[in-house]
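Input: a single structure, listed below in structure tokens.
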Amino acid sequence: MEIIIAAAIGVLTGSGLWLLLRPRTFQVIIGLSLLSYAANLFIFSMGRLRSNAVPIIEPDTPGNLATLTDPLPQALVLTAIVISFAMTALFLVVLLASRGLTGTDHVDGRESDL
Amino acid sequence: MAGIITGVVALACTIVVTTFYAPMSQGKVVNATVEWLPSIGLNFIVRLDGFSWIMAGLVALIGFLVVVYARYYMSPEDPVPRFFSFFLAFMGAMLGVVLSGNLIQMVFFWELTSLFSFLLIGYWSHNPGAREGARMALTVTGIGGLCLLAGILVLGHIVGSYDLDQVLASGEIIRSHALYRPALVLILIGALTKSAQFPFHFWLPHAMAAPTPVSAYLHSATMVKVGVFLLARLWPALAGTEPWFWIVGGAGMATLLLGAYVANFQQDLKGLLAYSTISHLGLITLMLGLGSPLGVVAAVFHLLNHATFKCSLFMAAGIIDHETGSRDIRRLSGLARYMPITATLAMVASAAMAGVPLLNGFLSKEMFFAETIVEHVDSLFDGALPFLATVASMFSVAYSLRFILGVFFGPAPVGLPRTPHEPPHWMRFPMEFLVLLCLLVGIIPGLTIGPFLHIAVSAILGGDTPYYSLAVWHGLNYPLLMSIVAMVGGVLVYLLLRGYLAQGQEGPPLLRRLKGQRIFERIMVTVSWKWARQLESLLGTRRLQPQLRLLVVLALVAGIFPLYMEGFGPRRLSFEKIDWHGFDTAFALMWLVGMSCAIGAAYQAKYHRLAALAMLGGAGLSTCITFVWLSAPDLALTQLLVEIVTTVLLLLGLRWMPKRVADVYPDGAVPLKVLARRTWDLLVAIAAGLGIAMLSYAIMTRQLPETISSYFLENAYTGGGGTNVVNVILVDFRGFDTLGEITVLAIVALTVFALLRRFRPAPESMAMPEQQRVQFAYDDAHPDRNIGQTVAEYMEIPRLIMLWFFPVVGVFAVYLLMRGHDLPGGGFAAGVAMSISFILQYMASGTRWVEDRLRILPVRWIGIGLLAATFTGLGSWLFGYPFLTSSFQYVELPVIGKIPMASALLFDLGVYSLVVGATVLMLIAIAHQSIRTPKLPRKAFSAPSSTGGQ
Numbered sequence: 000m001e002i003i004i005a006a007a008i009g010v011l012t013g014s015g016l017w018l019l020l021r022p023r024t025f026q027v028i029i030g031l032s033l034l035s036y037a038a039n040l041f042i043f044s045m046g047r048l049r050s051n052a053v054p055i056i057e058p059d060t061p062g063n064l065a066t067l068t069d070p071l072p073q074a075l076v077l078t079a080i081v082i083s084f085a086m087t088a089l090f091l092v093v094l095l096a097s098r099g100l101t102g103t104d105h106v107d108g109r110e111s112d113l
Numbered sequence: 000m001a002g003i004i005t006g007v008v009a010l011a012c013t014i015v016v017t018t019f020y021a022p023m024s025q026g027k028v029v030n031a032t033v034e035w036l037p038s039i040g041l042n043f044i045v046r047l048d049g050f051s052w053i054m055a056g057l058v059a060l061i062g063f064l065v066v067v068y069a070r071y072y073m074s075p076e077d078p079v080p081r082f083f084s085f086f087l088a089f090m091g092a093m094l095g096v097v098l099s100g101n102l103i104q105m106v107f108f109w110e111l112t113s114l115f116s117f118l119l120i121g122y123w124s125h126n127p128g129a130r131e132g133a134r135m136a137l138t139v140t141g142i143g144g145l146c147l148l149a150g151i152l153v154l155g156h157i158v159g160s161y162d163l164d165q166v167l168a169s170g171e172i173i174r175s176h177a178l179y180r181p182a183l184v185l186i187l188i189g190a191l192t193k194s195a196q197f198p199f200h201f202w203l204p205h206a207m208a209a210p211t212p213v214s215a216y217l218h219s220a221t222m223v224k225v226g227v228f229l230l231a232r233l234w235p236a237l238a239g240t241e242p243w244f245w246i247v248g249g250a251g252m253a254t255l256l257l258g259a260y261v262a263n264f265q266q267d268l269k270g271l272l273a274y275s276t277i278s279h280l281g282l283i284t285l286m287l288g289l290g291s292p293l294g295v296v297a298a299v300f301h302l303l304n305h306a307t308f309k310c311s312l313f314m315a316a317g318i319i320d321h322e323t324g325s326r327d328i329r330r331l332s333g334l335a336r337y338m339p340i341t342a343t344l345a346m347v348a349s350a351a352m353a354g355v356p357l358l359n360g361f362l363s364k365e366m367f368f369a370e371t372i373v374e375h376v377d378s379l380f381d382g383a384l385p386f387l388a389t390v391a392s393m394f395s396v397a398y399s400l401r402f403i404l405g406v407f408f409g410p411a412p413v414g415l416p417r418t419p420h421e422p423p424h425w426m427r428f429p430m431e432f433l434v435l436l437c438l439l440v441g442i443i444p445g446l447t448i449g450p451f452l453h454i455a456v457s458a459i460l461g462g463d464t465p466y467y468s469l470a471v472w473h474g475l476n477y478p479l480l481m482s483i484v485a486m487v488g489g490v491l492v493y494l495l496l497r498g499y500l501a502q503g504q505e506g507p508p509l510l511r512r513l514k515g516q517r518i519f520e521r522i523m524v525t526v527s528w529k530w531a532r533q534l535e536s537l538l539g540t541r542r543l544q545p546q547l548r549l550l551v552v553l554a555l556v557a558g559i560f561p562l563y564m565e566g567f568g569p570r571r572l573s574f575e576k577i578d579w580h581g582f583d584t585a586f587a588l589m590w591l592v593g594m595s596c597a598i599g600a601a602y603q604a605k606y607h608r609l610a611a612l613a614m615l616g617g618a619g620l621s622t623c624i625t626f627v628w629l630s631a632p633d634l635a636l637t638q639l640l641v642e643i644v645t646t647v648l649l650l651l652g653l654r655w656m657p658k659r660v661a662d663v664y665p666d667g668a669v670p671l672k673v674l675a676r677r678t679w680d681l682l683v684a685i686a687a688g689l690g691i692a693m694l695s696y697a698i699m700t701r702q703l704p705e706t707i708s709s710y711f712l713e714n715a716y717t718g719g720g721g722t723n724v725v726n727v728i729l730v731d732f733r734g735f736d737t738l739g740e741i742t743v744l745a746i747v748a749l750t751v752f753a754l755l756r757r758f759r760p761a762p763e764s765m766a767m768p769e770q771q772r773v774q775f776a777y778d779d780a781h782p783d784r785n786i787g788q789t790v791a792e793y794m795e796i797p798r799l800i801m802l803w804f805f806p807v808v809g810v811f812a813v814y815l816l817m818r819g820h821d822l823p824g825g826g827f828a829a830g831v832a833m834s835i836s837f838i839l840q841y842m843a844s845g846t847r848w849v850e851d852r853l854r855i856l857p858v859r860w861i862g863i864g865l866l867a868a869t870f871t872g873l874g875s876w877l878f879g880y881p882f883l884t885s886s887f888q889y890v891e892l893p894v895i896g897k898i899p900m901a902s903a904l905l906f907d908l909g910v911y912s913l914v915v916g917a918t919v920l921m922l923i924a925i926a927h928q929s930i931r932t933p934k935l936p937r938k939a940f941s942a943p944s945s946t947g948g949q
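If you want it as structure tokens, here you go:
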């Protein structure tokens with residue numbers, strides 16, 4: 000399990016970074032989205048991977064980590080998901096406005112002279 | 000009106016200060032502490048002892064008098080309320096400095112006085128001189144203030160406390176400490192810049208561009224006194240050492256001589272007074288620098304005297320300027336016949352400045368002379384002190400004479416902008432009052448200033464207060480002789496210089512070339528322009544890619560370096576321990592697809608945006624399934640819903656991105672440089688991916704250490720009343736973080752909205768999309784069809800389904816919200832779900848159709864959500880708990896059954912409402928773009944039209 004998730008995080012990060020370094024704004028926005036998947040999975044994996052663990056506690060028995068999932072990374076990731084959506088939206092709008100204003104979709108707002 | 004309020008405040012301050020006479024005369028210290036950060040010894044302390052009492056009284060009383068004066072001085076065309084609000088703010092900052100019982104707090108107020116001085120000097124902001132002067136004053140005093148802060152931090156480190164009482168009590172420790180010298184130098188830079196001491200004196204004459212009441216108040220009576228106030232305040236802790244004597248005494252002496260000399264050659268009345276102020280401040284500094292208790296007495300005495308006579312002289316200069324329209328001594332003359340009362344008052348005040356007997360200036364000057372004669376440090380400088388003091392005093396007599404004789408006597412002036420006359424009585428009143436003080440203190444010192452001076456001095460010196468006599472006549476002695484020499488010499492200097500000055504040259508001979516200002520400007524240009532530009536051209540780039548590349552590589556190095564140093568490498572990864580039993584082929588296959596999608600998205604994002612978007616969704620779905628697989632239902636739910644809105648959002652955006660032109664290198668002849676860059680980027684990306692994969696694998700295969708998660712698990716139900724721990728963390732344990740997060744979301748949504756209001760799409764994407772054009776052309780070609788009918792027809796079935804989905808998804812969202820505290824769900828997921836139900840309608844039926852029937856008002860949803868969340872938090876204050884403390888109980892509702900009614904549910908409701916509002920606002924804002932641009936064919940639009948948001 001761990002090795003699959005590790006590989007997934009690696010591939011997502013690599014693809015995201017490659018796109019982040021590209022000159023076109025749409026590439027960057029896709030890259031950021033891929034990077035945020037990677038980051039979310041990474042944070043999530045800090046609580047270790049557990050399949051079939053219980054995410055909901057019993058009302059009257061205090062829970063412990065032996066049987067339950069680690070709620071802390073999940074809470075962190077939950078807010079990260081929403082914030083990354085907001086970031087994507089903002090970036091998309093900036094991208095569109097910049098395309099309209101500058102006439103190019105290069106990240107610098109002008110075509111590079113190589 | 001503003002003037003009256005300011006005056007009343009100043010008068011009230013004066014009265015309040017006066018009421019403390021009784022405890023002050025008994026030598027008590029009044030303290031009031033408001034705890035702020037007691038754990039690190041930072042508290043807001045107001046401390047009143049004799050010295051700060053006198054200073055506070057001076058600030059308040061002179062403040063009141065200057066306000067009365069300014070009411071007549073300021074022209075109604077100026078923004079007068081702004082003047083008085085700055086003035087009041089400055090007065091508050093001054094009182095803060097003198098009343099601080101904590102040194103950090105004092106530095107804070109100290110900087111505030113610099114800032115308000117900046118605003119007041121630059122009050123006539125249309126005047127370039129005023130702006131220049133303000134900037135210079137702020138730069139010099141602000142840098143001084145920062146040095147002071149550093150010095151105070153060192154001092155606090157030496158003593159172990161920033162409390163003024165403790166610092167004053169540990170003089171011995173401070174003076175013998177190894178860090179004494181750095182602390183002293185830094186503190187002295189602060190004090191000397193503020194009090195315009197050589198070599199930092201040059202800012203004060205330029206500050207004279209301020210309105211005259213400001214010059215009278217800030218730049219003669221109060222703010223410039225703060226420097227010497229600090230020297231006197233810290234005198235018991237810092238003074239009496241060799242470095243103190245040389246720096247403070249040396250700077251004081253240089254300033255005294257230089258100021259007095261240069262003052263003689265000024266043609267501007269205020270310039271003369273400015274240099275005279277510099278010189279008198281030098282005198283006070285010198286007294287404090289000598290390090291003897293009698294010096295302190297003389298310094299404090301002269302500080303008070305100088306404030307009275309110099310303030311009234313500035314007022315006189317202001318009146319002359321106001322009534323004649325000029326401040327140039329060359330043009331003014333014979334004004335005594337037009338304004339006899341003002342002339343008389345100014346004469347008395349100048350006489351006090353020159354040190355004429357029976358006036359207050361004489362007394363403190365005698366004390367000064369007496370003190371210079373006493374030997375302090377056996378050196379040539381100490382031996383020369385009496386002579387230097389006499390010379391400075393001669394110059395002082397000379398410029399005082401010049402002020403009076405040049406302005407008030409002689410032939411009637413010609414060619415003045417206005418015919419001079421007496422000012423209104425109340426404009427003169429402050430001068431009258433101050434001059435009366437000069438006279439009273441000068442004639443009967445023991446009865447007037449005596450007790451006050453004693454209070455102030457004994458607060459500084461405590462048990463070391465020396466015996467001193469305030470009598471007017473001390474018999475024939477050296478100080479009297481020095482005074483007589485200075486008087487006679489001053490008259491001679493004036494007579495000698497008169498011819499030279501009449502030539503009308505500005506500035507002193509010999510020193511005319513050497514201007515502090517010029518040097519200052521040169522430094523400013525070098526630092527803030529030349530060096531900044533060089534640094535920018537050396538390090539800066541306007542291109543994003545090199546910056547990002549640098550950041551990524553730096554991050555990579557920063558990640559690898561510590562691991563490398565610890566001897567960590569791929570070999571240390573324990574692959575033997577891979578649990579092949581837990582290896583799930585389905586899971587592996589799923590991620591095989593996910594990874595292929597990620598790589599595919601990376602590959603296709605340049606030319607095939609839609610394909611890249613679809614593959615991005617594939618990677619997102621893999622992530623989502625992973626969350627389900629690994630026991631995180633909440634995450635899976637939220638990820639899935641957010642995935643949907645993100646995709647819709649990007650799809651809406653795609654419409655406005657023009658087609659990419661085909662490859663710029665058509666025949667595959669990619670330049671080598673580009674190829675090299677791509678290879679490098681690929682290597683960096685692969686390295687980073689490998690690194691993070693190794694890192695996460697290494698962490699995942701290690702035992703989970705003890706974290707705070709157990710605390711959440713144990714207390715989620717007992718403390719938060721919910722069984723879904725993730726949700727309890729979000730809305731209860733870390734509710735404040737969530738509040739911050741939803742605020743960010745709201746800000747982003749509003750920003751998106753605002754950006755799109757002024758949105759101008761790329762010209763290439765203005766035209767209608769090809770698909771729509773074909774459809775509309777088809778409709779247009781058939782006379783029996785309406786335009787838009789084709790779209791409407793083939794969207795009919797999906798439209799109906801989506802329409803029916805609206806209540807279903809809505810109920811589902813509310814369900815998610817209600818159960819969120821106990822089962823997977825919660826405000827975020829519910830909010831996104833609800834917004835999906837809205838956006839489905841937009842997609843199915845078109846923007847116009849929906850908005851004719853449904854008004855969503857997303858901004859209101861955002862506002863209500865933010866308010867609900869905040870007020871839920873505030874509610875706990877009503878019950879005396881900290882912000883966002885939650886309470887809960889279960890409530891039986893008919894039909895629905897037992898539901899948890901935690902106050903956290905209210906908070907979650909706020910989150911829900913805000914997320915709905917923000918998401919819908921962003922999506923609608925983009926969707927709306929499509930209905931305003933396309934130029935439709937002439938035929939009328941018929942409902943149900945469907946532009947479908949795309």
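Heads up: the protein sequence lines correspond to chains P and G, in order. One point on numbering: in numbering that gives the first Met the number 0, the residue at position 114 of the first sequence is 113, and numbering is uninterrupted. One point on numbering: in numbering that gives the first Met the number 0, the residue at position 921 of the second sequence is 920, and numbering is uninterrupted. Quick reminder that beta carbons are idealized off the backbone N, C-alpha and C, glycines included.
(Q) Considering only DSSP beta bridges, list what G:N42 is partnered with. (A) According to DSSP, which records beta bridges pairwise, G:N42 is partnered with G:E34.
Q. From G:A766 to P:L11, what does the alpha carbon distance come to, in whole angstroms?
A. Just so you know, the alpha carbons of G:A766 and P:L11 end up roughly 36 Å apart.
Q: Give the secondary structure of G:D48 by DSSP, where H, G and I count as helix, E and B as strand, and everything else as coil.
A: Coil, per DSSP.
Q. What residues from chain P crowd round G:Y911, counting only those whose CB sits closer than 7 Å?
A. Among the residues of chain P, none has a CB under 7 Å from the CB of G:Y911; the nearest is roughly 12 Å distant.
Q | Selection of the segment 81-93 of chain P by Cβ proximity to chain G, strictly under 9 Å | A | Hits within the stretch, in order: V81, I82, S83, F84, A85, M86, T87, A88, L89, L91, V92 and V93.
Q. To which residues of the same chain is G:R701 closer than 8 Å at the C-beta, ignoring the five residues directly before and after it?
A. None.
Q.
Considering Cα atoms alone, identify which of P:F43, P:T87, P:I3 and P:N51 is closest to P:L31.
A. Distance check between P:L31 and each of P:F43, P:T87, P:I3 and P:N51 places P:T87 closest, using alpha-carbon atoms only.
Q.
Just verifying my parser: in three-state terms, what is the DSSP assignment at G:V669?
A. Three-state DSSP puts G:V669 in coil, outside helix and strand.
Q: Could you name the residues of the segment 42-69 of chain P whose beta carbon sits closer than 8 Å to any beta carbon of chain G, in the order they occur along the chain?
A: Cβ contacts with chain G come from F43, S44, M45, G46, R47, L48, R49, S50, N51, A52, V53, P54, I55, I56, E57, P58, D59, P61, G62, N63, L64, L67, T68 and D69.
Q. Rounded to the nearest angstrom, how far is the Cβ of P:V92 from that of G:L754, given a contact under 8 Å?
A. Yes, they are in contact, since the Cβ atoms of P:V92 and G:L754 sit about 5 Å apart, within 8 Å.
Q | Simplified DSSP assignment, three categories, for G:R756 | A | G:R756: helix per DSSP, three-state reduction.
Q | Interface partners of G:E740 on chain P, CB under 8 Å | A | In chain order: T78, V81 and I82.
Q) Closest by CA to G:P385, which one among G:A485, G:S595 and G:S399? A) Closest in alpha carbon position to G:P385, among G:A485, G:S595 and G:S399, is G:A485.
**Q.** Nearest-angstrom beta carbon gap, G:F775 and G:G787 [assumed within contact, 8 Å]
**A.** The pair is a contact, with the Cβ atoms about 7 Å apart (cut-off 8 Å).
Q. Can a CB atom of chain P be found closer than 9 Å to the CB of G:P657?
A. Output row for G:P657: interface = yes.
Q.
I'd like the ranges of any alpha helix (DSSP H) spanning at least 4 consecutive residues and lying wholly in the segment 311-397 of chain G.
A. At a cut-off of 4 residues, the continuous stretches assigned as alpha helix (DSSP H) that sit fully inside the segment 311-397 of chain G are 339-353 and 359-372.
Q) Apart from the five residues on each side of it in sequence, which residues of its chain come closer than 7 Å, Cβ to Cβ, to G:F954? A) In this structure chain G extends from 0 to 949, so residue 954 of chain G is not present and cannot be described.
Q: Determine the direct distance from the alpha carbon of G:I746 to that of G:P136, and round the result to whole angstroms.
A: Sequence check: residue 136 of chain G is Ala here, not Pro. Near 38 Å, if we compare the C-alpha coordinates of G:I746 and G:A136.
Q. In angstroms, rounded to a whole number, what distance separates the CA positions of P:L71 and G:F89?
A. P:L71 and G:F89 have their alpha carbons spaced roughly 50 Å apart.
(Q) My output table needs one value for P:I55: the three-state DSSP class, helix, strand or coil. (A) Residue state, collapsed to three classes: strand.
Q: Consider the Cβ of G:G688: report whether some Cβ of chain P lies at a distance smaller than 9 Å.
A: Taking Cβ atoms only, chain P reaches closer than 9 Å to G:G688, which makes this a yes.
Q | Local Cβ density within 10 Å of G:M842, reported as buried at 16 or more and exposed below that | A | The residue in question, G:M842, is buried, as its Cβ has 16 or more Cβ neighbours within 10 Å.
Q) For G:G324 versus G:G281, is the C-beta distance shorter than 9 Å? A) Taking 9 Å as the cut-off, the Cβ atoms of G:G324 and G:G281 do not count as close.
Q) Cα-Cα, which of G:G474, G:G462 and G:V641 is closest to G:A369? A) Closest option to G:A369, Cα to Cα, is G:G474.
(Q) Please give me, in chain order, every unbroken run of the alpha helix (DSSP H) with length at least 4 that falls completely inside the segment 8-70 of chain P. (A) Segments of the alpha helix (DSSP H) lying fully in the segment 8-70 of chain P: 24-44.
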